[in-house]
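Going down the list, the protein sequences come from chains X and V. Going left to right, the first sequence walks through residues 1 to 551 as full-length UniProt numbering numbers them. Going left to right, the second sequence walks through residues 1 to 551 as full-length UniProt numbering numbers them. Don't be surprised by glycine CBs; every beta carbon is placed ideally from N, CA and C. Here the structure is a predicted model, which means the values were calculated and not measured.
There are 2 protein chains.
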Amino acid sequence: MSLFRKGLAVLMRIPMKAAATSGQQLATTPPFPPTNDASSSANFFESYPSRKVALTDVKEWMQASIAIPSDKIEFVDANLEQFSKGYLSLPQEGRRELLLVLARDYDVNRARVRELMAQYLNLGFPQEPESITEDEQSRGRVRDEAFLASCYRTERNLRIALKPMYDIFFERLNAYPGGLKILAVLRADLLLVIEKEKLPSLRALDLYLKEKLITWLSPAALHLHQITWDDPASLLEKIVAYEAVHPIRSLQDLRRRLSTGRRCFGYFHSAIPGEPLIFIEVALLKEVAKAIQEVLWDDPPFLENEATCALFYSISSTQPGLSGINLGKFLIKRVIELVRRDMPNITVFATLSPIPGYVQWLLSKLASHLKLGEEESENETDSSEIDFSSTLKEHVLLPEEERMICESGKALADGNSGIEILYNILSSTNSEWSKSDCLLSALKRPLMRLCIRYLLEKKKSGKAVDAVANFHLQNGARIERINWMADTSERGIKQSAGIMVNYVYSLEKIEENAMAYFSTGHINASSNIYQCFQVRNCEIKLFTIFELVYI
Amino acid sequence: MSLFRKGLAVLMRIPMKAAATSGQQLATTPPFPPTNDASSSANFFESYPSRKVALTDVKEWMQASIAIPSDKIEFVDANLEQFSKGYLSLPQEGRRELLLVLARDYDVNRARVRELMAQYLNLGFPQEPESITEDEQSRGRVRDEAFLASCYRTERNLRIALKPMYDIFFERLNAYPGGLKILAVLRADLLLVIEKEKLPSLRALDLYLKEKLITWLSPAALHLHQITWDDPASLLEKIVAYEAVHPIRSLQDLRRRLSTGRRCFGYFHSAIPGEPLIFIEVALLKEVAKAIQEVLWDDPPFLENEATCALFYSISSTQPGLSGINLGKFLIKRVIELVRRDMPNITVFATLSPIPGYVQWLLSKLASHLKLGEEESENETDSSEIDFSSTLKEHVLLPEEERMICESGKALADGNSGIEILYNILSSTNSEWSKSDCLLSALKRPLMRLCIRYLLEKKKSGKAVDAVANFHLQNGARIERINWMADTSERGIKQSAGIMVNYVYSLEKIEENAMAYFSTGHINASSNIYQCFQVRNCEIKLFTIFELVYI
């Protein structure tokens, strides 16, 4: 990454390593420190690894940042600066210990809370309305405002007392230049720790911090900026580092994504200068693309003003610590508004999205089916298992599919049945199958069909289980089409069996769709998708439908 | 103001009316509406007066914005838009009623709070630490996390229950584009109502909103922008409208304040685009100016890089609704940092500031002295009054001053004593005295001397009673010099008897001064000012000192 020092122009000929720091890995070793000055953030690469700080020092700076009274606020900044630098230089174990100290030692003062509660309950609340006579009511009104004044006072004190002591630490960090970034790093670390140890105190800390971040990162406080090739290298290197969907492979690749026929928009917050919190990449096309290869590799062969479709092909959040704070929804809406205003010819807004959970889900289904099959032949199954297995049997492979897989799959994987062969093919470490024409034609039908079932049927708490599907559905998009061999990259084959989805945003339907999804869990999909879903036994029709282009 | 439509360049020859909408008047009739789009805000001038909305409608939009559950958030924005437009079109009385409804009907749900309190107190808190045996302690630790989990849950519910229902209204407005501006207008109106009726419910509403605004407007979330002649007219017209200290009289005046030898910096928030929340005007000079006339009228006769002093001659907050949220302090610090970086020759950072409370204070002191004098001649005074009157007598006029005022003042005002004449001169509706050389020389000494007493001595809750003095002192500045006939404008004479103060910001002393002022109320002033304060009987020395230039 330090190659960037030498200037982007010189480096145009040197291919870059695929973003090693992309995605979730950022949580543990944030590449950028807090700075008072946007321009100096790039210097971090030099200064970061050389510093060594003791955990006890970092704890002391944290404690001082909390303990300094408000009238000595001038000392807080110096401590926060020390803390920020120190915290970033700590290894994961040190951060974990610090977070535990914060969660436990800077918790709510419960003695004070109970004292105020006793005071509040003794304020002399009036009786319940039904038991009050009219005379009492009118007397009540007179003393109303005076009584309310004591309520307000005690309630305010209670609100203050119910804040954990770490509240002031968060507030002060938020006010400190660069502090918001530290808060995001802190929460990312917290989420990593919680994944392993579900301690109530850490979860309470996380919930509290998340709520603070939501109010600070209100969409109205973010500004949209179109990222172009004219932006500083220090910003562009972040796009390279954070692109989580389709890694940027070279400077040519980056340049293409920012040039004619392409757009890149980021949401920025003043407290984190020079770095988007989230960004989206858009291709201007004549029709909705069916494969990511066309978008990433082909140069646009037409003029921008001939485009009729804006395709969102990548959306990446740069801060793992802002997980659960849906900035993407607002970003997509703002970008649609902007593109519509600037390019009235563009009337279709669609995505080309991965299905990151598909293969994993399918493998687990195939595995339970295989296990059930074994058990069935060994002993009697109880009634609940029968239900489960029969549903699965119905769902997994049709007889024709079973036959085709057995015929074509044997070359690549062992197995006594189509299901076993499919399982072995999909779980193998390589993705050889996607290079065999014979296997591709045998697997297309079952994998496409099961993919639709996965998207439409698989839910968790009433929402689509696939994270990307859930994201677009809750934003009010519709599942329009699924595309075979749409992402033939290693990751595309591994995660989504090479399939990608076009979600469509119809502006006039966004609210309606989102509300239906929220209230009833109804998944909006095109009629073609629903037909495929229903006609799973009419094999010929199925093939026909997948060949249709219907956007 | 609509002249701006035709473009600033064309209008260079047309003098503008002095900002009729400047300062506090904005509170009641905010000139700019909330918009989704920064560029359209200027259109408000056309659309604003024509709309008429019923109060009941505005109430309903407000109620709907609060009542819509979070899973139907899509409907909220439409209601907030209606509400924002409707609210701005209401007359003051309608706004007052709406604020009362908000404060009273959307208050804390006290039944729910008491229910949760009972629940909390029944959680089974452990005994106080001193009465716990070691054995109990170790058992306690085991159940600690489980017990804490219930604490966290109930505390979180309590925090939610203790939020007034209007909290969600504020949160939703803050997330809505243009909503932050509406919140500022709402609070400005609230402050106006509270000034007249100190209802506890309204004060609780104000306190709550103020705390929310403080966390949303954290200095790290604001961005500094240097405002220049190249900025859009829609931004520059706001500088004209909001300049509260020295009204901008013409486009030439505006241009001069943004050109060579001058700087103007604003603090902007992404949610209020195209409009600074606060801005500061700076003159680059060779020495600290003694009169505002030099700064406003003279063209800088030297090159910028010859300047050694940055003079802050005006700081204006544009949002009366953000009163009590000290953004100015952070702005001054940021500007000092920026100027030091860009222009290392500049080593002195000073202000030229009015003393807005001086004449008003002096008049009330003179009046009580006159009243006491009358009472003294009529009847015996009790002991407390003796103390008061003797202190005052000692303070007001020295014999030599008394004599000079009697001699010179008679031409302009009646009176039996110097004090009475001074009172009549200063309370007259015109400011004739400032045009008479004779009176100027008679009044200079007492008015300068008393001004120092006012600045150094007059305190309220341990802080300087003058708002501007308190602002700079709490930011860590020092009172360096006071200047006679430094602001000869109508307002300058009326408010400050034409006197202005130079406060100096010495970067290395800012924190120390601010802390001393906070903790002990110590007012930092130059040794010359303190000498004048102490040698009030050595008249000759006094004159000498005031002629010194000591920065």
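Take residue i as the anchor and find which of the options has the nearest alpha-carbon.
i, options, result
"R159 of chain V", "X:K238, X:L183, X:L207", "X:L207"
"A469 of chain X", "X:G462, X:S201, X:S353", "X:S353"
"R95 of chain V", "V:R453, V:D189, V:V295, V:L362", "V:D189"
"L456 of chain X", "X:P276, X:D487, X:F349, X:N528", "X:N528"
"W61 of chain X", "X:N79, X:A149, X:K212", "X:N79"
"A204 of chain V", "V:L162, V:Q226, V:P232, V:F533", "V:L162"
"L90 of chain V", "V:K59, V:Y242, V:Y358", "V:K59"
"R481 of chain V", "V:I499, V:A467, V:V465, V:K435", "V:I499"
"G178 of chain X", "X:A411, X:F83, X:L254, X:L102", "X:F83"
How would you label residue i, buried or exposed, when you count the other beta carbons within 10 angstroms and need 16 or more for buried?
i, result
"W216 of chain V", "buried"
"T228 of chain V", "exposed"
"R341 of chain V", "exposed"
"A146 of chain V", "exposed"
"W297 of chain X", "exposed"
"L507 of chain V", "exposed"
"F302 of chain V", "exposed"
"E512 of chain V", "exposed"
"H269 of chain V", "buried"
"R403 of chain V", "exposed"
"F125 of chain V", "exposed"
"K196 of chain X", "exposed"
"A467 of chain X", "exposed"
Taking CB distances under 8 Å as the criterion, tell me whether residue i reaches chain X.
i, result
"N174 of chain V", "yes"
"L222 of chain V", "yes"
"R255 of chain V", "no"
"A310 of chain V", "no"
"E275 of chain V", "no"
"residue 552 of chain V", "In the structure as shown, chain V starts at 1 and stops at 551, and residue 552 of chain V therefore has no counterpart that could be examined."
"T520 of chain V", "no"
Answer yes or no: does any C-beta atom of chain V fall closer than 8 Å to that of residue i?
i, result
"R156 of chain X", "yes"
"A149 of chain X", "yes"
"M117 of chain X", "yes"
"E304 of chain X", "no"
"P200 of chain X", "yes"
"P126 of chain X", "no"
"V339 of chain X", "no"
"E171 of chain X", "yes"
"R112 of chain X", "no"
"Y505 of chain X", "no"
"E195 of chain X", "no"
What three-state label does DSSP hand residue i in the structure shown?
i, result
"H246 of chain X", "coil"
"A118 of chain V", "helix"
"L311 of chain V", "strand"
"M500 of chain X", "strand"
"H225 of chain V", "strand"
"F125 of chain V", "coil"
"E281 of chain V", "strand"
"residue 554 of chain X", "Only positions 1 to 551 of chain X appear in this structure, which leaves residue 554 of chain X out of reach."
"A525 of chain V", "strand"
"T351 of chain X", "strand"
"I325 of chain X", "coil"
"K85 of chain V", "helix"
"K59 of chain X", "helix"
"K460 of chain X", "strand"
"Y267 of chain V", "strand"
"S489 of chain X", "coil"
"N475 of chain V", "coil"
Let me check you understand the geometry: is the CB of residue i closer than 7 Å to at least one non-hydrogen atom of the ligand NAD?
i, result
"A146 of chain X", "Looking at this structure, you won't find the ligand NAD or any other ligand, since it has none at all."
Is the Cβ of residue i closer than 8 Å to any Cβ of chain C?
i, result
"L207 of chain X", "Given the protein chain composition of this structure (X and V), no chain C is represented."
Practice prompt. Tell me the start and end of each unbroken alpha helix (DSSP H) in the segment 178-210 of chain V that is at least 4 residues and wholly inside, in chain order.
Written response: 179-196
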